[in-house]
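A.B. asks: Counting from 109, one number per residue, gives the positions in the sequence shown under the numbering used here.
Built from N, CA and C at the ideal position, the CB exists for glycine as well.
Encoded as structure tokens, here's the structure I'll be asking about.
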Amino acid sequence: MSSELGTKENPWKLKTPPQTSEYEMFQTEKDGKAILVCTVGKTILHYDYRCIEDLHAMLKQHGDWMELGSADEQKPAKEGTVEAWGRSSENPVGGWYGLKKGFRGRLGMYIPPLLEVLGLAEVEHNPRNNRMRAI
């Protein structure tokens, strides 16, 4: 069994920003591309692995706290939030970091805790309207 954290055998065990739900995440490859696999209960989401580095760089450039604004793919993201950035044609991938059609949203819910665990960001843990900023 691998002792390296973030693998399928030893995934990151994370909690949503409000600390109300647990989920797991690990890095793997799919079709020659590095991805993050996020398992929330029985739901499996995929994100482009580069969202970690890209989000950190954007937050550093932003220079202040930014609201997370998590939303499902079918719902609009609040402007100026991490979620809106994760879907924007202006981000480095030119659109969604989420890779599974129908489950491309929620970047603002599931990626910030990973950046926190990796020591790249601070994340608030209030019941609602959480924010993050780069370290």
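Quick one: Cα of lysine 123 to Cα of glutamate 117, how far?
C.D. replies: Each residue's Cα considered, the two are about 19 Å apart.
A.B. asks: Report back the beta-carbon spacing between valine 190 and leucine 163 to the nearest angstrom; my notes put them in contact at under 8 Å.
C.D. replies: Yes, they are in contact, since the Cβ atoms of valine 190 and leucine 163 sit about 7 Å apart, within 8 Å.
A.B. asks: What's the C-alpha gap between arginine 158 and glycine 206?
C.D. replies: Distance between the alpha carbons of arginine 158 and glycine 206: 11 Å.
A.B. asks: Could you tell me the distance, in whole angstroms, from the CA atom of phenylalanine 134 to the CA atom of methionine 217?
C.D. replies: The straight-line gap from Cα to Cα measures roughly 16 Å.
A.B. asks: Report buried or exposed for alanine 142, applying the criterion of at least 16 other Cβ atoms within 10 angstroms of its Cβ.
C.D. replies: So alanine 142 counts as exposed.
A.B. asks: Of all the options Asn237, Glu112 and Gly114, which has the alpha carbon lying nearest to the alpha carbon of glycine 177?
C.D. replies: Residue Asn237 is the option with its Cα nearest to glycine 177.
A.B. asks: What residue range does the beta strand (DSSP E) around histidine 170 cover?
C.D. replies: Segment 159–170 is the alpha helix (DSSP H) holding histidine 170; no beta strand (DSSP E) there.
A.B. asks: How would you call glycine 171, buried or exposed, if buried means at least 16 neighbouring beta carbons within 10 angstroms?
C.D. replies: Exposed: under 16 other Cβ atoms inside 10 Å.
A.B. asks: On the criterion of 16 or more Cβ atoms from any shown chain inside 10 Å, does isoleucine 152 qualify as buried, or is it exposed?
C.D. replies: When all chains shown are included, isoleucine 152 counts as exposed.
A.B. asks: Might you give, ordered along the chain, the residues of its own chain that have their beta carbon closer than 7 Å to the beta carbon of alanine 242, omitting 5 neighbours on each side?
C.D. replies: Cβ neighbours of alanine 242 beyond the five flanking positions: His164, Leu167, Lys168, Leu228 and Ala229.
A.B. asks: So which of Glu175, Leu226, Asn234 and Thr136 has the shortest CA-CA distance to leucine 215?
C.D. replies: Leucine 215 has its Cα closest to that of Glu175, out of Glu175, Leu226, Asn234 and Thr136.
A.B. asks: Report the partner residues of tyrosine 155 according to the DSSP bridge assignment.
C.D. replies: Leu144 and Gly206.
A.B. asks: Taking the alpha-carbon positions, what's the leucine 223 to glycine 213 distance?
C.D. replies: Rounded to whole angstroms, leucine 223 to glycine 213 spans 17 Å at the Cα level.
A.B. asks: For alanine 192, name the three-state secondary structure that DSSP assigns.
C.D. replies: If DSSP states are grouped into helix, strand and coil, alanine 192 belongs with the helices.
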